[in-house]
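Q: So that we are looking at the same thing, I have put the structure below in structure tokens.
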Amino acid sequence: MSSTYDAIVSRYLERTKRSRELHDEAKRLLPRGVSSNFRVVDPNPIFIESAVGTTITDADGNRYTDFANAFGALLVGHAHPKIVQALEAQARRGTLHAMPHRLEVSVAKELRARFGQDQWRYCNSGTEATMHAIRLARGYTGRSKVIKFEGAYHGAHDTVLVSNKPPLRLAGLRSRPRRVSWSEGIPQESFVHTLVASFNDLKGVRALFEENPNEVACLILEPIMMNMGVTEPLPDFLPGLRALCSEFGALLIFDEVKTGVKIARGGATEYYKVTPDITVLAKAIGGGMPLAAFGASADIMEELNSLRVIHVGTYASNPITLAAAEVTLKEILTDEAYRRVFALNRRLVDGYSRLIREHGLPCYANGVGSMGTINFRKDVLRDYRDWASVDKHASQAWYLAMLNEGVIPQPPGPDEQWTVTVQHTEADIETHLKAFTRVAPLLKSL
Ligand SMILES: Cc1ncc(COP(=O)(O)O)c(C=O)c1O
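Using numbering that gives the first Met the number 0, you'd call the opening residue of the sequence shown number 0 and step up by one each time.
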């Protein structure tokens with residue numbers, strides 16, 4: 000570790016004493032002191048006291064301008080007044096029905112208008128929604144195999160907890176990635192049907208289809224790899240996948256848990272003009288409440304309609320969650336809001352690019368819609384093998400040093416990206432960039 004990095008950590012430790020006490024206590028009760036592995040931060044995470052608008056206050060009384068926004072789930076920002084009002088109003092009418100209600104129809108109409116899929120079902124998390132989407136595809140096609148991309152995360156169920164960020168020594172060739180399970184506790188049989196390809200490699204995907212004739216049920220992907228910074232598809236990649244899926248009779252699933260309503264009103268379908276067979280949504284559609292959904296044509300959804308494929312859930316379409324979604328989609332995420340957010344995000348990405356250039360840092364900034372990041376490598380990322388060479392140490396230094404300056408630049412980890420929300424202002428973008436002006440020289444001397 001360099002003395003610069005040590006100085007960043009020392010300052011962080013100095014500023015977050017109360018958080019560390021809370022974390023020490025939490026470690027006795029919660030493995031690693033957190034409720035999701037993605038929240039592990041060394042030397043310790045900050046503990047949140049409140050999150051309102053664009054400001055997070057931690058247990059030590061530090062205030063941060065937040066660009067993490069709950070791993071991007073909060074395009075509406077924290078405690079948006081319209082969301083708070085909708086939650087209060089719905090809570091008085093009941094917190095859980097587990098029976099049909101008006102909001103289910105209202106939100107489904109909005110999702111259909113945005114994403115073009117005829118019918119929808121609700122879940123509580125992205126994990127649940129990708130699991131159901133894959134089962135639906137398997138039911139519809141009568142096939143078992145699933146193609147996913149190396150480096151991609153689609154939730155924590157067994158079929159897709161494969162080759163998420165595999166050690167390269169186990170991962171085989173870039174053109175033929177080996178399947179590597181991420182977790183103990185998953186029997187081999189659970190992911191034996193999962194096939195792995197490299198992102199942006201149409202040839203590799205074709206080979207998998209050809210080697211597994213009439214066996215591939217679906218191909219699931221994030222249209223932009225938002226679990227590898229912001230790794231964009233090459234121009235022919237998504238149309239190429241669409242054509243391959245049609246040629247080989249497999250369903251194309253867009254996991255739009257992150258891109259969903261955040262790169263365009265209608266997500267990647269609108270942005271890239273490529274239509275998947277099944278669309279999976281979560282995070283931002285719920286305005287901060289735990290909502291996910293999957294949608295498909297009436298023909299594919301006939302599997303659920305006929306009860307041949309099972310989808311159930313006590314908390315599916317929770318009325319409080321759907322009340323938040325209705326306000327989010329119909330009142331907050333307006334065309335005007337998108338214009339503002341996208342323009343602010345462009346300013347942030349451009350500002351970063353300028354400062355990176357001025358300081359001669361070996362990295363680049365990019366962004367799409369409301370999201371962006373610094374990718375800590377010089378050349379543009381195309382796939383997981385590229386991402387594996389990202390400078391994780393510099394990324395961690397950036398994260399902690401920005402927190403020291405009062406800005407949470409994005410969720411922790413070099414695989415993540417920031418979210419500009421409807422509540423951010425030009426002043427927030429300036430605050431962010433000013434903080435980076437102070438941090439950039441530190442990165443130079445790591
Ligand atoms: C692309 C993608 N799919 C699925 C998931 C899983 O969603 P959840 O955390 O709601 O289970 C995530 C979570 O980050 C994600 O980024």
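Think of the CB as a built atom: it goes at the ideal place given N, C-alpha and C, for glycine as much as any other residue. A quick note: this is a predicted structure, and the numbers were derived from the prediction, not measured.
1) Do you know whose CA, among Leu-343, Leu-442, Gly-184, Ala-342, lies nearest Ile-355's CA?
2) Do you know how far the Cα of Lys-144 is from the Cα of Pro-212?
3) In terms of alpha-carbon separation, which member of Leu-95, Val-106, Pro-410 lies closest to Trp-119?
4) Helix, strand or coil: which one does DSSP assign to Asp-65?
5) How should Val-191 be labelled, buried or exposed, when 16 other C-beta atoms within 10 angstroms of its C-beta is the threshold for buried?
6) Tell me which residue opens and which closes the beta strand (DSSP E) that Gly-350 is part of.
7) Among Asn-163, Val-204, Lys-202, His-156, whose alpha-carbon lies nearest the alpha-carbon of Gly-184?
8) Among Ile-284, Glu-149, Gly-239, Asp-349, which one has its Cα closest to the Cα of Met-224?
9) My guess is that Met-401 and Val-438 are in contact by the Cβ rule of under 8 Å, so how many angstroms apart are they, rounded?
10) What is the rounded straight-line gap between the Cα of Asn-199 and the Cα of His-358?
11) For Ala-486, which option in Lys-81, Leu-12, Phe-37, Arg-111 has the closest C-alpha, if you only look at C-alpha atoms?
12) Considering only the alpha carbon of each residue, which of Pro-30, Arg-264, Asp-57, Arg-31 lies closest to Tyr-337?
13) So, are the CB atoms of Ser-369 and Lys-261 less than 9 Å apart?
14) Is any heavy atom in ligand 2 found nearer than 8 Å to the beta carbon of Ala-323?
15) So the candidates are Val-39, Phe-70, Pro-44, Val-75; which of them puts its Cα closest to the Cα of Val-51?
16) Residue range of the beta strand (DSSP E) that Ala-291 falls in?
17) For Glu-231, is the classification buried or exposed, using 16 other Cβ atoms within 10 angstroms of its Cβ as the cut-off for buried?
18) Compute the distance between the beta-carbons of His-153 and Val-256, then report whether it is under 9 Å.
19) Would you say the beta carbon of Ala-291 comes nearer than 8 Å to a heavy atom of ligand 1?
20) Could you please give me the residues that DSSP links to Lys-282 through a beta bridge?
21) Identify the continuous beta strand (DSSP E) that holds Gly-366 and give its terminal residues.
22) Going by DSSP in three states, Pro-176 sits in which element: helix, strand or coil?
23) Taking DSSP as the reference, what is the three-state secondary structure of Glu-330?
24) Assign Met-98 to buried or exposed, taking buried as 16 or more other Cβ atoms, counted over all protein chains shown, within 10 Å of its Cβ.
25) Is there at least one non-hydrogen atom of ligand 1 closer than 8 Å to the beta-carbon of Asn-226?
26) Is Asp-298 helix, strand or coil when you go by DSSP?
27) With a threshold of 8 Å, establish whether the CB of Asp-65 neighbours any heavy atom of ligand 1.
28) Arg-14 to Leu-360, Cα distance in whole Å?
29) Assuming Ala-196 contacts Ile-146 under a Cβ cut-off of 8 Å, what Cβ separation, rounded to an integer in Å, is found between them?
30) How many whole angstroms separate the CB atoms of Val-322 and Leu-73, which I take to be in contact at a CB cut-off of 8 Å?
31) Can you tell me whether Ser-2 is buried or exposed? The criterion is at least 16 other CB atoms within 10 Å of its CB, across all chains shown.
32) Measure from the alpha carbon of Glu-325 to the alpha carbon of each residue in Leu-102, Glu-20, Phe-208, Lys-164, then state which is nearest.
A: With the given structure in hand:
1) For the purposes of this step, residue 355 is identified with residue 356 of the sequence shown, where counting begins at 1. That would be Leu-442, whose Cα lies nearest to the Cα of Ile-355.
2) In the sequence shown, residue 212 corresponds to position 213, counting from 1. In the sequence shown, residue 144 corresponds to position 145, counting from 1. Looking at the two C-alpha atoms, the distance is approximately 10 Å.
3) Reading the sequence shown from its first residue, position 120 is the one you call residue 119. Trp-119 has its Cα closest to that of Val-106, out of Leu-95, Val-106, Pro-410.
4) The count along the sequence shown starts at 1 and reaches residue 65 at position 66. Note: Asp-65 maps to strand in three-state DSSP.
5) Looking up residue 191 in the sequence shown gives position 192. That one is exposed.
6) As a first step, residue 350 must be located in the sequence shown, where it is residue number 351. Note, Gly-350: premise wrong, no beta strand (DSSP E); alpha helix (DSSP H) at 334-358.
7) If you number the sequence shown from 1, residue 184 lands on position 185. Checking every option, the nearest Cα to that of Gly-184 belongs to His-156.
8) Along the sequence shown, read from residue 1 onward, the residue named residue 224 stands at position 225. Out of Ile-284, Glu-149, Gly-239, Asp-349, Glu-149 has the C-alpha closest to the C-alpha of Met-224.
9) For the purposes of this step, residue 401 is taken as the residue at position 402 of the sequence shown. For the purposes of this step, residue 438 is taken as the residue at position 439 of the sequence shown. Right, the Cβ-Cβ distance comes to about 6 Å (below 8 Å), so this counts as a contact.
10) Here residue 199 corresponds to residue number 200 of the sequence shown, with the count starting at 1. Here residue 358 corresponds to residue number 359 of the sequence shown, with the count starting at 1. Those two C-alpha atoms are separated by around 31 Å.
11) Examination of residue 486 is not possible in this model, given that the chain is present from 0 through 445 alone.
12) For the purposes of this step, residue 337 is identified with residue 338 of the sequence shown, where counting begins at 1. Closest by alpha carbon: Arg-264.
13) In the sequence shown, counting from the first residue as 1, residue 369 sits at position 370. In the sequence shown, counting from the first residue as 1, residue 261 sits at position 262. Result yes, Cβ atoms of Ser-369 and Lys-261 sit closer than 9 Å.
14) The model on display carries ligand 1 but not ligand 2.
15) The count along the sequence shown starts at 1 and reaches residue 51 at position 52. Measuring from the Cα of Val-51, the nearest candidate turns out to be Val-75.
16) Working through the sequence shown from its first residue, we reach residue 291 at position 292. It spans 291-295 - the beta strand (DSSP E) in which Ala-291 sits, taken as one unbroken run.
17) Stepping through the sequence shown from its first residue, residue 231 is reached at position 232. Buried is the call here.
18) Within the sequence shown, numbered from 1, the residue matching residue 153 stands at position 154. Within the sequence shown, numbered from 1, the residue matching residue 256 stands at position 257. Yes, Cβ-Cβ distance for His-153 and Val-256 is below 9 Å.
19) Along the sequence shown, one-based indexing puts residue 291 at 292. Indeed, a heavy atom of ligand 1 lies less than 8 Å from the Cβ.
20) Mapped onto the sequence shown, residue 282 falls at position 283. Partner(s): none; Lys-282 has no beta bridge.
21) Taking the first residue of the sequence shown as position 1, residue 366 is located at position 367. Gly-366 -> beta strand (DSSP E) spans 363-367.
22) Here residue 176 refers to the residue found at position 177 of the sequence shown. Here Pro-176 sits in strand by DSSP.
23) Taking the sequence shown and counting its residues from 1, one reaches residue 330 at position 331. Helix, per DSSP.
24) To locate residue 98, count along the sequence shown from 1; it is residue 99. The residue is exposed, with fewer than 16 neighbouring Cβ atoms inside 10 Å.
25) Numbered from 1 along the sequence shown, position 227 holds the residue referred to as residue 226. Yes, Cβ of Asn-226 sits closer than 8 Å to a heavy atom of ligand 1.
26) Here the question's residue 298 lines up with position 299 in the sequence shown. Of the three classes helix, strand and coil, the one that applies to Asp-298 here is helix, per DSSP.
27) Reading the sequence shown from its first residue, position 66 is the one you call residue 65. False, no ligand heavy atom lies under 8 Å from that Cβ.
28) In the sequence shown, counting from the first residue as 1, residue 14 sits at position 15. In the sequence shown, counting from the first residue as 1, residue 360 sits at position 361. Those two C-alpha atoms are separated by around 27 Å.
29) Taking the sequence shown and counting its residues from 1, the one referred to as residue 196 is at position 197. Taking the sequence shown and counting its residues from 1, the one referred to as residue 146 is at position 147. Right, their Cβ atoms sit about 6 Å apart.
30) As a working mapping, residue 322 is identified with position 323 in the sequence shown. As a working mapping, residue 73 is identified with position 74 in the sequence shown. A small fix is needed here, since residue 322 is Ala in this sequence, not Val. Their Cβ separation, rounded to whole angstroms, is 16 Å, which puts Ala-322 and Leu-73 out of contact at 8 Å.
31) The residue labelled residue 2 in the question sits at position 3 within the sequence shown. With fewer than 16 Cβ atoms within 10 Å of its Cβ, Ser-2 is classed as exposed.
32) Working through the sequence shown from its first residue, we reach residue 325 at position 326. The residue with the shortest Cα to Cα distance from Glu-325 is Leu-102.
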